[in-house]
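*Asks:* Let me begin by handing over the structure; questions about it come next.
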Amino acid sequence: MGVSAYQRTSQVAEAPRTTEHRLLAQVTSAMVSAHAKGVKGVALVDLLHWNREIWSTFGSACVDSANRLPPELRASIISLSLWVDRYSSDIIAGQGDLEELIGINRLIMEGLSAN
Numbered sequence: 011m012g013v014s015a016y017q018r019t020s021q022v023a024e025a026p027r028t029t030e031h032r033l034l035a036q037v038t039s040a041m042v043s044a045h046a047k048g049v050k051g052v053a054l055v056d057l058l059h060w061n062r063e064i065w066s067t068f069g070s071a072c073v074d075s076a077n078r079l080p081p082e083l084r085a086s087i088i089s090l091s092l093w094v095d096r097y098s099s100d101i102i103a104g105q106g107d108l109e110e111l112i113g114i115n116r117l118i119m120e121g122l123s124a125n
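If you count by my numbering, then the sequence shown holds residues 11 to 125, one letter each, in order.
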């Protein structure tokens with residue numbers, strides 16, 4: 011019984027790229043919805059925090075020397091992670107546009123879908 015439960019779990023487990031794409035799709039969908047409703051500033055704090063957490067995780071994973079991505083790509087992801095953090099603060103302060111984050115997330119989702 012234990013072995014069959016393990017086999018079912020291993021068949022259901024997502025590949026890392028699939029998980030990353032799914033998480034970005036979820037947060038991006040929520041950002042698109044908020045943008046369409048005209049939500050701005052402080053009302054976006056929770057949503058932007060969610061997006062920051064995802065990007066922070068991406069950045070942290072790229073700092074790990076065991077990460078097998080090419081060094082240039084890892085550096086770019088770390089830079090994007092830092093930019094997302096700063097730009098999210100700009101959006102909350104009313105000095106940025108949510109569309110910029112939506113665009114970045116969509117570009118990364120396209121890359122994750124490739125192959």
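Even for Gly, the Cβ is constructed at its ideal location relative to N, Cα and C.
Using DSSP with H/G/I as helix, E/B as strand and the rest coil, what is LEU79?
*Replies:* Three-state DSSP puts LEU79 in coil, outside helix and strand.
*Asks:* Are three or more beta carbon pairs between the region 23-32 and the region 48-57 nearer than 8 angstroms?
*Replies:* With a cut-off of 8 angstroms, the region 48-57 and the region 23-32 do not count as touching, because too few Cβ pairs lie within range.
*Asks:* In the structure shown, what three-state DSSP assignment does ASP95 receive?
*Replies:* In the structure shown, ASP95 sits in a helix (DSSP, three-state: H, G or I).
*Asks:* Just checking, does the region 97-107 make contact with the region 51-68 on the three C-beta pairs under 8 angstroms criterion?
*Replies:* The region 97-107 is in contact with the region 51-68.
*Asks:* Evaluate THR38 with the Cβ neighbour count: other Cβ atoms within 10 Å of its Cβ, from every protein chain shown; 16 or more gives buried, anything less gives exposed.
*Replies:* Per the 10 Å Cβ criterion, buried.
*Asks:* For the alpha helix (DSSP H) that contains LEU33, what are its first and last residues?
*Replies:* Residues 26-46.
*Asks:* Note down the Cα distance separating SER70 from SER89, rounded to an integer number of angstroms.
*Replies:* Going by the C-alpha atoms only, they are around 11 angstroms apart.
*Asks:* In whole angstroms, what separates the C-alpha of ARG96 from that of GLN105?
*Replies:* C-alpha separation (whole angstroms): 11 angstroms.
*Asks:* How would you label LEU58, buried or exposed, when you count the other beta carbons within 10 angstroms and need 16 or more for buried?
*Replies:* Buried.
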